[in-house]
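A.B. asks:
2 protein chains.
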Amino acid sequence: MSLNRRLVLARRPSGLPDLTTFRRDDRPVPRPAEGEILVRNVYVPVDPGMRPVLSDVRIGVDEFEPIALGALVGYMTAGQVVESRDPRFAPGDWVTDRLMWQDFAVTSGRTARKLDAQALPPTASLGILGVPGLSAWSGLHCLADPKPGETVVVTSAAGTVGSIAGQIARNLGCRVVGVAGGEAKCRYVREQLALDVAIDRHAVPDLGAALRDACPQGVDILFDNVGNAMVDAILPAMRRGGRIVICGQTADYHLAPAERPGIRNTNCFVTRRLTMRGLFVHDHAAEYPRALEQLTRWTLGGRLRLEETIIEGFDQLPGAFARLFTGETIGRTLVRIDRDRA
Amino acid sequence: MSLNRRLVLARRPSGLPDLTTFRRDDRPVPRPAEGEILVRNVYVPVDPGMRPVLSDVRIGVDEFEPIALGALVGYMTAGQVVESRDPRFAPGDWVTDRLMWQDFAVTSGRTARKLDAQALPPTASLGILGVPGLSAWSGLHCLADPKPGETVVVTSAAGTVGSIAGQIARNLGCRVVGVAGGEAKCRYVREQLALDVAIDRHAVPDLGAALRDACPQGVDILFDNVGNAMVDAILPAMRRGGRIVICGQTADYHLAPAERPGIRNTNCFVTRRLTMRGLFVHDHAAEYPRALEQLTRWTLGGRLRLEETIIEGFDQLPGAFARLFTGETIGRTLVRIDRDRA
């Protein structure tokens with residue numbers, strides 16, 4: 155256990171990320187100081203939200219500063235404590251924290267969150283009870299305020315955040331239409347997530363028309379994870395007083411601004427009195443206890459689920475990340491990295 | 155006084171409206187029934203907001219249903235009562251109501267608003283104290299909530315609504331940047347409206363860069379009267395928590411959706427936590443008394459003014475309307491129609 159496998163940014167992707175985007179930069183395993191814990195990562199998810207900070211675009215907002223070339227990449231993970239110098243943690247405890255794409259990480263007992271692995275699998279902390287679940291919950295509750303009977307459209311409805319957002323809206327008594335690409339995803343949306351309607355955007359010639367057919371009363375809330383083309387197509391189907399939440403823009407992250415599709419149907423903002431807001435999940439941290447209580451209760455009660463694909467092997471991380479952008483994944487993709495060490 | 159000159163929609167403009175868009179369709183002067191009043195129009199403003207309903211685009215929202223071919227056009231006017239069958243009105247009283255582009259109109263005493271022509275000129279009811287002023291006030295107060303010290307950008311700052319919005323924001327203690335096209339308009343914005351900065355969008359190579367220079371702290375509120383190109387250029391200059399109000403889209407009204415500029419910089423919605431809302435002024439009618447009280451007080455106190463261009467002659471209406479879209483007008487354009495009758 156002397157070597158710590160790490161993945162760092164090798165070169166900034168121009169367009170889609172690929173296997174050359176990252177490179178290994180192994181280092182010795184770090185040692186915890188007093189008050190710290192050493193964690194061995196087990197589950198490392200891949201997340202499209204990492205894509206923007208791989209580009210060298212400085213926008214003057216701390217949370218979106220580009221990752222430096224050669225810097226460790228990654229975000230939240232789940233692992234087990236190996237060595238603890240914090241009395242609140244013991245070896246074997248499951249924790250989640252921002253421990254990045256590496257085998258071992260030292261972290262403070264203040265930021266690590268201990269997981270009750272008896273109640274729910276540790277991977278839940280990276281999905282429904284993690285940043286994706288909190289994003290779905292906050293985007294709906296804090297920015298869109300869904301009411302029972304309203305019509306909610308979720309794009310990338312088979313994706314991680316989309317899967318959760320669709321079910322939350324359904325659990326709140328909304329009529330939910332999921333938009334996804336391909337029949338397999340639509341089947342998942344209908345059968346596993348139990349949304350009211352699934353629209354295969356690859357199979358319909360005109361998404362806007364399909365939406366208007368599926369939502370004769372109009373769309374009250376659009377929860378978008380895809381980007382401008384989707385918002386533009388759905389705008390004419392919005393209902394008076396509708397709310398649009400921009401949560402993710404997976405289709406646009408790799409495009410320079412001039413290359414992105416444009417939103418043109420903005421006249422609908424006036425005629426339908428629409429509101430569009432961008433979500434940054436951690437702005438809503440004060441609501442997390444309430445969110446986690448509700449998300450946990452729904453999960454234990456079988457009213458919230460998330461398909462997980464677990465890939466074995468540390469070196470699968472770059473490929474798994476790249477596949478997020480080619481439309482192949484359903485639900486959450488995690489890489490299990492603790493069983494392939496030499 | 156037997157003939158009532160009227161202008162009706164002759165053909166739907168493809169692109170900019172012109173002199174062939176409207177035609178005369180004179181009729182006998184109408185007679186008021188019990189409870190009604192007959193008004194002779196004096197001041198008839200031209201307004202870019204009439205452009206959308208000249209197109210045959212049905213969007214299923216009552217207030218934006220297309221005007222029928224052959225139907226009377228127009229909107230709010232100011233005139234004098236000629237004959238009254240409502241005890242609250244007497245001949246000679248100045249009133250404002252939705253009396254359209256015609257010499258004479260019969261209206262109900264319930265919708266007509268009597269004007270105190272001693273206190274303010276009747277044209278004030280069509281500008282600062284009319285729909286333009288209420289739009290500026292409601293867009294700022296109800297959709298953007300400006301706070302003293304915030305930076306507000308107003309586009310089409312020399313236009314009717316823009317002129318008023320800029321001064322309201324200034325009066326509320328905001329730093330106000332006006333964007334206008336051409337040096338004459340910018341001089342008006344600086345000298346007559348006393349905004350902090352005027353940017354001539356024809357003279358700067360990159361509006362976004364000019365905005366960032368003029369607003370080193372970023373833009374808290376964008377009050378847009380122009381359309382997508384303007385919003386897209388200004389998005390990267392927005393500050394965290396910024397609000398965008400879509401009030402008018404004068405540059406886009408005559409373009410089919412596919413021809414309009416697109417808004418591409420939507421990543422700023424997430425990184426800056428922006429909110430964009432469309433304004434429909436009459437949604438905020440409950441606030442009108444408060445708005446009118448403040449707007450009247452500021453006008454009487456010399457803290458709110460609006461350049462008026464008064465053109466003589468009924469048949470000038472189509473041309474005056476067309477010129478709204480070619481960037482030639484400053485402030486409010488009104489046509490005085492009572493002195494050129496044969």
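In the order they appear, the protein sequences are chains A and W.
All letters in the first sequence, in the order written, are residues 155 to 496 by my numbering.
All letters in the second sequence, in the order written, are residues 155 to 496 by my numbering.
Where is the CB? At the ideal position from N, CA and C, for every residue including glycine.
All values reported here derive from a predicted model rather than from experimental measurement.
#1: Based on the DSSP output, what are the partners of residue 468 of chain A in its beta bridges?
#2: Within 10 angstroms of the Cβ of residue 212 of chain W, are there 16 or more other Cβ atoms? Answer buried if so, exposed if not.
#3: Grab the span of the beta strand (DSSP E) containing residue 251 of chain A for me, first residue to last.
#4: Is the CB-CB distance between residue 375 of chain A and residue 399 of chain A below 9 Å?
#5: Can you have a look at residue 168 of chain W and say buried or exposed, based on whether 16 or more other CB atoms are within 10 angstroms of its CB?
#6: According to DSSP, is residue 491 of chain W part of a helix, a strand, or is it coil?
#7: Is the beta carbon of residue 251 of chain W sitting closer than 9 Å to the one on residue 239 of chain W?
#8: When the Cα atoms are used, what is the spatial distance from residue 333 of chain W to residue 158 of chain A?
#9: Would you verify that the beta carbon of residue 215 of chain W is, or is not, closer than 9 Å to some beta carbon of chain A?
#10: Just how far apart, CA to CA, sit residue 206 of chain W and residue 432 of chain W?
#11: Can you name the start and end residues of the alpha helix (DSSP H) that residue 322 of chain W belongs to?
#12: Just list the alpha helix (DSSP H) runs in the segment 365-403 of chain W, keeping only unbroken ones of 4 residues or longer that don't cross its boundaries, in chain order.
#13: In whole angstroms, what is the alpha-carbon distance linking residue 491 of chain W and residue 471 of chain W?
#14: Please name the residue in W/273, W/280, W/419 and W/325 whose C-alpha comes closest to that of residue 362 of chain W.
#15: Say whether the segment 315-327 of chain A touches the segment 346-364 of chain A, bearing in mind that this needs 3 or more beta-carbon pairs closer than 8 Å, one atom from each stretch.
#16: For a test of the three-state rule: what should DSSP assign to residue 180 of chain A, helix, strand or coil?
#17: So residue 306 of chain A packs on residue 300 of chain A, CB below 8 Å; how close in whole Å?
#18: Are residue 387 of chain W and residue 369 of chain W touching if we call contact CB-CB under 9 Å?
#19: Write down the C-beta distance between residue 405 of chain W and residue 380 of chain W rounded to the nearest angstrom, noting that I regard them as a contact closer than 8 Å.
#20: Could you tell me which chain A residues have their CB closer than 9 Å to the CB of residue 207 of chain W, listed as they occur along the chain?
#21: Could you tell me which uninterrupted alpha helix (DSSP H) segments, each at least 4 residues in length, are contained entirely in the segment 178-242 of chain W, listed from first to last along the chain?
#22: Residue 414 of chain W touches chain A at which residues, Cβ-Cβ below 9 Å?
#23: Looking at the unbroken beta strand (DSSP E) that takes in residue 343 of chain W, where does it start and where does it end?
#24: If you measure beta-carbon to beta-carbon, which residues of the segment 290-317 of chain A are closer than 7 Å to chain W?
#25: Short of 9 Å Cβ to Cβ, which residues in the segment 427-438 of chain W face chain A?
#26: Using 8 Å as the cut-off, classify the Cβ of residue 259 of chain W as near or not near the heavy atoms of the ligand NAP, replying yes or no.
#27: Does the Cβ of residue 289 of chain W have 16 or more other Cβ atoms within 10 Å, making it buried, or fewer, making it exposed?
#28: With DSSP collapsed to three states, give me the class of residue 174 of chain W.
#29: Comparing the C-beta of residue 218 of chain A with each C-beta of chain W, is any distance below 9 Å?
#30: According to DSSP, simplified to helix, strand and coil, what is residue 305 of chain A?
#31: Kindly indicate if chain A contains any beta-carbon less than 9 Å away from that of residue 385 of chain W.
#32: Work out the CA separation of residue 450 of chain W and residue 443 of chain W for me, nearest whole Å.
#33: Could you check which residue in W/190, W/410 and W/199 has the C-alpha nearest to that of residue 477 of chain W?
#34: By DSSP, does residue 437 of chain W sit in helix, in strand, or in coil?
#35: So, at 7 Å on beta carbons, what are the nonlocal neighbours of residue 247 of chain W in its own chain, with the 5 sequence-adjacent residues on each side left out?
#36: Cα separation between residue 193 of chain W and residue 271 of chain W?
C.D. replies: In short:
#1: Note: residue 468 of chain A sits in no beta bridge, so no partner.
#2: exposed
#3: 248-252
#4: yes
#5: exposed
#6: coil
#7: no
#8: 56 Å
#9: yes
#10: 15 Å
#11: 314-325
#12: 382-388
#13: 9 Å
#14: W/419
#15: yes
#16: coil
#17: 6 Å
#18: no
#19: 5 Å
#20: Result: empty, since nearest Cβ-Cβ is about 10 Å, beyond 9 Å.
#21: none
#22: 416, 418, 419, 420 and 421
#23: Per DSSP, residue 343 of chain W belongs to no beta strand (DSSP E) and is neither H nor E.
#24: none
#25: 427, 428, 429, 430, 431, 432, 433, 434 and 437
#26: In terms of ligand content, the structure shown is empty, and the ligand NAP therefore cannot be addressed.
#27: buried
#28: coil
#29: yes
#30: strand
#31: yes
#32: 10 Å
#33: W/199
#34: helix
#35: 234, 235 and 268
#36: 15 Å
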